[in-house]
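**Student:** As numbered in UniProt numbering, the sequence shown has no gaps in its residue numbers, which increase by one up to the final residue, 111.
The beta carbon of each residue, even a glycine, is placed where N, CA and C say it ideally should be.
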Amino acid sequence: IVPYDDRMMLKLAEQTNGVIVTNDQFRDLAKESKRWIKIIKESLLQYTFVGNIFMVPDDPLGRSGPTLADFLKKKTRTKYSDCHSFNGQPCGEASLHRRDGVAEEQASGDF
Numbered sequence: 001i002v003p004y005d006d007r008m009m010l011k012l013a014e015q016t017n018g019v020i021v022t023n024d025q026f027r028d029l030a031k032e033s034k035r036w037i038k039i040i041k042e043s044l045l046q047y048t049f050v051g052n053i054f055m056v057p058d059d060p061l062g063r064s065g066p067t068l069a070d071f072l073k074k075k076t077r078t079k080y081s082d083c084h085s086f087n088g089q090p091c092g093e094a095s096l097h098r099r100d101g102v103a104e105e106q107a108s109g110d111f
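1) Pick out whichever of Arg-63, Ala-69, Ile-20 and Gln-46 has its Cα sitting closest to the Cα of Met-55.
2) Which residue's Cα is closest to the Cα of Ile-39: Ile-53, Asp-24 and Asn-52?
3) Within the segment 23 to 57, note down every full alpha helix (DSSP H) run reaching 4 residues or more, in order along the chain.
4) Residues in the same chain with beta-carbon distance under 8 Å from Phe-26, minus the five sequence neighbours each way, listed in chain order, please.
5) Among the residues of its own chain, which have a CB less than 6 Å from the CB of Phe-71, if the five just before and after it don't count?
Structure, rendered in structure tokens:
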């Protein structure tokens, strides 16, 4: 069994205000959560290889967007207080608690 890691990447980016380095557009997951649409539009960093050189664009969100340096800075993106599961739906019994800036997952039962 192979896990579907795209949901995990989106969830982690949501929790940490992180950037996802990928060429995937996550079109299938954009339908699952309005919150993830914002992450997909604002937090994906596409890349290419030229020979053995890893390259990213100077303007990851287009000409009218931020520079690469500004895009990569830790900034306050929209934060969401309620819980998501990896499929974009409410967690139910599972919840995330923040302790000293570290997310810790608590659940009653196995996943």
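**Tutor:** Reading off the structure:
1) Gln-46
2) Asp-24
3) 27 to 30 and 34 to 42
4) Asp-6, Leu-10, Trp-36, Ile-40 and Leu-44
5) Pro-60
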